[in-house]
Amino acid sequence: MELRQLRAFVLAAETLNFAEAADRLCVTPSTFSQTIKSLENELKVDLFMRNSHETSLTEAGEEILPYAISTLQQAKYCEDRVMDLKNLKCGTLTLGITHSFKMVASEALLLFVRTHPNVRLKVYYKTMQELLEMLTNGLVDCVLSYKPSYPLSGIESHTLFDDRLSAIVSEVHPLATRKEIDLIELSHHSLVLPMPGMQARNALTDLANRKGIEINPQIEINEVVPLLNMVQESLMITILSRSSIDSFHNLRAIPIIGSEDMLVGSYHILKNSYRKQSLKVFIDMLNQAAILRKRMGLL
Numbered sequence: 001m002e003l004r005q006l007r008a009f010v011l012a013a014e015t016l017n018f019a020e021a022a023d024r025l026c027v028t029p030s031t032f033s034q035t036i037k038s039l040e041n042e043l044k045v046d047l048f049m050r051n052s053h054e055t056s057l058t059e060a061g062e063e064i065l066p067y068a069i070s071t072l073q074q075a076k077y078c079e080d081r082v083m084d085l086k087n088l089k090c091g092t093l094t095l096g097i098t099h100s101f102k103m104v105a106s107e108a109l110l111l112f113v114r115t116h117p118n119v120r121l122k123v124y125y126k127t128m129q130e131l132l133e134m135l136t137n138g139l140v141d142c143v144l145s146y147k148p149s150y151p152l153s154g155i156e157s158h159t160l161f162d163d164r165l166s167a168i169v170s171e172v173h174p175l176a177t178r179k180e181i182d183l184i185e186l187s188h189h190s191l192v193l194p195m196p197g198m199q200a201r202n203a204l205t206d207l208a209n210r211k212g213i214e215i216n217p218q219i220e221i222n223e224v225v226p227l228l229n230m231v232q233e234s235l236m237i238t239i240l241s242r243s244s245i246d247s248f249h250n251l252r253a254i255p256i257i258g259s260e261d262m263l264v265g266s267y268h269i270l271k272n273s274y275r276k277q278s279l280k281v282f283i284d285m286l287n288q289a290a291i292l293r294k295r296m297g298l299l
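So in our numbering, the last one in the sequence shown is 299, and the numbering has no gaps at all.
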């Protein structure tokens, strides 16, 4: 059973005149009659009674007419929804964002919500490992994080910008004017660090292991903003990405020697997966966000 057959049937039932219905569908009367006949043959029942004076619906025709109308309405609804999706008038975009990437993504998130208010946005903040598992299971459309140091099976990673692992201090800290700093020196200061599993902490651990340095923080926190607030209000030091302080004007980021290329801002999607129009638009916004343009030297 095809939609064109149902359209012809509904129109014939509405007009009870095959010639008029054929004209409204812009087909010849013979083509229209063949379409109705093919539907009757498929259903193995007559839908119309016709004589030289009038056309009327049979009992079977009366019975299926409401369902034919409903089917055509649902098909039109499907078409309309697809058009709405293409024009970002509906739909849902589900993102996974690591704690370390939260500050970087905030500008693009706000811009997307302002420009596409009819698209429902769902955001999960978790560790990269948790989010990549969600991506593999189809629970998120995309993961925003720093690129992991190991290959990801079945996942495409696309670079957005290069960042740098940095010591974050308040503007009044004695180290605030330093251009760069060695990890061994930092290990002797009071540290408030992201929890193990967070990407900045993972990068720090990799660097410390490479240099044979033991890092013993006084405090560990699993959220970036409380970390930065604590640094603002004390002489403690945290270690995060350089971009994490872009909206904290009274903090300073001191690049850590040897941490080049350790933090690469990326987005991750499943290989060979369908990419929603809303995701394409969001990634474009992310690429153009001022916070990223500054990272790439465009501002």
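No residue lacks a Cβ here, since even glycine has one placed at the ideal position from N, Cα and C.
The Cβ atoms of LEU131 and LEU152 do not sit closer than 9 angstroms to each other. By the C-beta density criterion, THR98 is buried, having at least 16 other C-beta atoms within 10 angstroms. Comparing alpha carbon positions, the residue from SER100, LEU121, TYR67 closest to LEU110 is LEU121. HIS268 sits away from LEU139, with the two beta carbons spaced by 9 angstroms or more.
Judged by DSSP in its simplified three-state form, SER56 adopts strand. Apart from sequence neighbours up to five positions away, the residues of its chain that approach THR127 with a beta-carbon distance below 6 angstroms are GLY197, ordered along the chain. Straight-line measurement puts the Cα of LYS280 at about 13 angstroms from the Cα of VAL119.
Judged by pairs of C-beta atoms under 8 angstroms, the stretch 152–161 does not touch the stretch 211–229, as fewer than three such pairs exist. HIS249 is classed as exposed because its beta carbon has fewer than 16 other beta carbons within 10 Å across all chains shown.
Look at MET49 here: in three-state DSSP terms it is strand. Contact annotation: the stretch 272–287 does not touch the stretch 164–184, with fewer than three C-beta pairs closer than 8 angstroms.
Residues THR35 of the same chain have their beta carbon placed closer than 8 angstroms to that of ARG4, with the five preceding and five following residues left out of the count.
When DSSP states are grouped into helix, strand and coil, GLY154 belongs to the coil group.
With a beta-carbon spacing of about 7 angstroms, SER266 and TYR146 fall inside the 8 angstroms limit used to define contacts.
A direct Cα-to-Cα measurement between MET1 and LEU144 gives close to 45 angstroms. Between CYS78 and ASP84, the beta carbon gap of about 11 angstroms keeps them out of contact (Cβ cut-off 8 angstroms). When C-alpha distances from ALA200 are compared across PRO174, LEU88, LYS102, GLY61, the shortest belongs to LYS102. Within the same chain, Cβ atoms closer than 7 angstroms to the Cβ of PHE18 are found at ALA12, PRO29, PHE32, SER33, THR55, the five residues on either side in sequence being excluded.
As for any beta strand (DSSP E) of minimum length 3 sitting wholly inside the stretch 111–154, the runs are 120–126, 142–146, ordered along the chain. Of the other Cβ atoms in all chains shown, 16 or more fall within 10 Å of the Cβ of ALA108; this residue is therefore buried. Between HIS53 and the set LEU16, ASP46, ASN87, the nearest pair of CA atoms involves LEU16. Pairing SER170 with GLU233 gives a Cβ-Cβ distance under 9 angstroms. Of SER247, THR94, ASP46, the smallest CA-CA separation from TYR124 is found for THR94.
At least 9 angstroms separates the beta-carbon of ILE257 from that of ILE168. Inter-residue distance for ASP261 and ALA203 is about 10 angstroms (C-alpha atoms, whole angstroms).
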